[in-house]
Amino acid sequence: MRTIGLEERRARLALRHGLAVPAPSVEEAAAGMVGLHSSDPATVFLSAWARIDGFVPADLEDALYERRSLVRMVGMRRTLFVVPRDLAPVMDEACATTMAPGELARLARMLEEQGFARPGRGPAWVNRVATATLAALDARGVSSARELTKDVPELATKLTFGEGKTWGGTLGVSTRILFLLATQGRIVRAKPVGTWMSGQYRWATTEHWLGEPLPKLDHDDACAELLRRYLRRFGPATGADVRWWTGWTAARTTKAVRAVGAEEVDLDEGTGFVLPDDLEPSADPEPWAALLPGLDPTVMGWKERGWYLGDHGPELFDRNGNAGPTVWANGRVVGGWTQTPDGSIEIALLEKVDATTRRRIEAERKPLPAWLGDLRIRARFPAPFEKRLLAP
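Structure, rendered in structure tokens:
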């Protein structure tokens, strides 16, 4: 069994994630990461900034909303991703569509329990409102949830959750219906209301937005293709990494690993997998540094993170496993960063680095305030180190 050590894993990460060698376009940056995380609207833009020389937000907006060579959609682990169009049907079939039955059943149960639908009639209520929502979207072309509620009054229904809990509250049915339709691949998120920092997306039917429905793929083939792309960019990865990144069961993971003919390799944390044509040693990248945003796909790409994160996890991740903004040097996380209210960028190094590495980090930090201008970013899931840096 071939052994792949820490330095080679870090070299692979640097070369394959657009960090040591920049990506030439937003499409290639997204393809190179098997999708850019977009649950926090700012993440996808900052991830592109870190990987593309001369990147400006208009480049990504053009690809998303004008040329539509990229699509924002729900994928692995119920997470939003920006992906190339050829990946959209793969991700949809391998991950999103499996969520749809559970989403429908959960919403139907809540409607019945809270008296909005008669017992046993919850699924029919959901399907009726979903059909009406699709018809309203067809008529409007592109629409916000607020506009759709004018056409489909049932979307304004408020459901309660977590009654008596600190995290309890109300949830609009429009949120659940639109998410359900997205998991079914029938609608996609269009341009948001406001700036690129906004998460208030407009919606469109997939056929209207892309000019055609998503192609239907065999489920096993789609899972194999998704895993193939993941291992090409993130391999070697352990079985735990694959299960976590995809959100698959152990059985589904094992089946896909066999389907791609993955080869076992020896890693510090145990057995990992690479594609059968990916056993050759990696080239050595030039020294590099990067400032990656919270939830960047690199830091979120593996479950077993010790080989690049060290013991910094408690400082950089919240309790739910969401990563804050990270500072990288030569394949390792060495600190975090945040934007202060006055627009400056503050670095928090979590370990000692040499003077040359400090200069590289500074070269990454220096242009970011001007690039952001008057915009102020806040990680949706702030890490412990950020809370300290921003404390009064």
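Each number in my numbering corresponds to the 1-based position in the sequence shown with 37 added.
All residues carry an ideal CB built from backbone N, CA and C; glycine is no exception.
Checking 9 Å against the spacing of the C-beta atoms, do G331 and F422 come in under that value?
Counting from 1 along the sequence shown, the entry for residue 331 is found at position 294. Counting from 1 along the sequence shown, the entry for residue 422 is found at position 385. Contact: no.
Helix, strand or coil: how does DSSP classify F82 here?
Counted from its first residue, the sequence shown places residue 82 at position 45. Of the three classes helix, strand and coil, the one that applies to F82 here is helix, per DSSP.
Could you name the residues that DSSP lists as bridge partners for G231?
Locating residue 231 in the sequence shown gives position 194, where the first residue counts as 1. Note: G231 sits in no beta bridge, so no partner.
According to DSSP, is F198 part of a helix, a strand, or is it coil?
The residue you call residue 198 lines up with position 161 of the sequence shown. Looking at F198 - three-state DSSP - the assignment turns out to be strand.
For D303, which residues from the same chain have a beta carbon less than 8 Å from its beta carbon, with the 5 sequence-adjacent residues on both sides left out?
Locating residue 303 in the sequence shown gives position 266, where the first residue counts as 1. Cβ neighbours of D303 beyond the five flanking positions: M38, R39, T40, I41, G309.
What are the start and end residues of each continuous alpha helix (DSSP H) run of 4 or more residues lying completely inside the stretch 350-414, in chain order?
Counting only runs of 4 or more, we get 350-353, 392-402, 405-409.
Could you pull out every unbroken alpha helix (DSSP H) segment of at least 4 residues lying fully inside the stretch 73-122, listed in chain order?
Segments of the alpha helix (DSSP H) lying fully in the stretch 73-122: 78-88, 94-98.
Tell whether a beta-carbon distance below 9 Å holds between T197 and F153.
As a first step, residue 197 must be located in the sequence shown, where it is residue number 160. As a first step, residue 153 must be located in the sequence shown, where it is residue number 116. For T197 and F153, no; Cβs fall outside 9 Å.
Can you tell me whether A51 is helix, strand or coil according to DSSP?
Within the sequence shown, numbered from 1, the residue matching residue 51 stands at position 14. Residue state, collapsed to three classes: helix.
At what residues does the alpha helix (DSSP H) containing A299 begin and finish?
Indexing the sequence shown from 1 puts residue 299 at position 262. Neither: A299 is in no alpha helix (DSSP H) and is coded neither H nor E.
Can you tell me whether D333 is buried or exposed, with buried defined as 16 or more other CB within 10 angstroms of its CB?
Residue mapping note: residue 333 aligns to position 296 of the sequence shown, counting from 1. Classification of D333: buried, given that the 10 Å Cβ count is 16 or more.
Leaving out the 5 sequence neighbours to the left and right, which residues in its chain are closer than 7 Å to L43 when beta-carbon positions are compared?
Translated into positions along the sequence shown, residue 43 becomes position 6. Cβ neighbours of L43 beyond the five flanking positions: D305, W344.
I'd like to confirm something about Y102: is its beta-carbon nearer than 8 Å to some heavy atom of the ligand GDP, or not?
As far as ligands go, the structure on display features none, and thus does not contain the ligand GDP.
For the beta strand (DSSP E) containing V179, list its first residue and its last residue.
Walking along the sequence shown from the start, residue 179 turns up at place 142. V179 -> no beta strand (DSSP E), and no H or E assigned at all.
Spell out a yes or no on whether the stretch 116-129 and the stretch 140-153 are touching, meaning 3 or more CB-CB pairs, one atom from each, closer than 8 Å.
No: fewer than three Cβ pairs fall under 8 Å.
Using 8 Å for Cβ pairs, my map puts L52 next to W365. What's the rounded Cβ distance?
Counting from 1 along the sequence shown, the entry for residue 52 is found at position 15. Counting from 1 along the sequence shown, the entry for residue 365 is found at position 328. No, L52 and W365 are not in contact; Cβ-Cβ is about 14 Å, not under 8 Å.
How should N367 be labelled, buried or exposed, when 16 other C-beta atoms within 10 angstroms of its C-beta is the threshold for buried?
Here the question's residue 367 lines up with position 330 in the sequence shown. Flag for N367 reads buried.
Is R39 helix, strand or coil when you go by DSSP?
Here residue 39 is taken as the residue at index 2 of the sequence shown, counted from 1. Here R39 sits in strand by DSSP.
Consult DSSP for R342 and reduce its assignment to one of helix, strand or coil.
The residue given as residue 342 occupies position 305 in the sequence shown. Residue state, collapsed to three classes: coil.
In chain order, what residues of the same chain lie with their CB nearer than 7 Å to the CB of L207, ignoring the 5 residues before and after it?
Stepping through the sequence shown from its first residue, residue 207 is reached at position 170. Looking at the sequence shown, residue 207 is not Leu but Thr. Hits under 7 Å: K195, L196, T197.
With C-beta atoms as the reference, is F216 less than 9 Å away from V111?
Locating residue 216 in the sequence shown gives position 179, counting from the first residue. Locating residue 111 in the sequence shown gives position 74, counting from the first residue. In contact: F216 and V111 (Cβ atoms closer than 9 Å).
So is R109 buried or exposed if we call it buried at 16+ other beta carbons inside 10 Å?
Taking the sequence shown and counting its residues from 1, one reaches residue 109 at position 72. R109 is buried by the Cβ-count criterion.
If you count every other CB in all the chains shown that lies within 10 Å of the CB of S211, and 16 or more means buried, which is it?
Numbered from 1 along the sequence shown, position 174 holds the residue referred to as residue 211. Buried, because 16 or more other Cβ atoms sit within 10 Å of the Cβ of S211.
So what does DSSP say about F418, is it helix, strand or coil?
Within the sequence shown, numbered from 1, the residue matching residue 418 stands at position 381. Three-state result, F418: coil.
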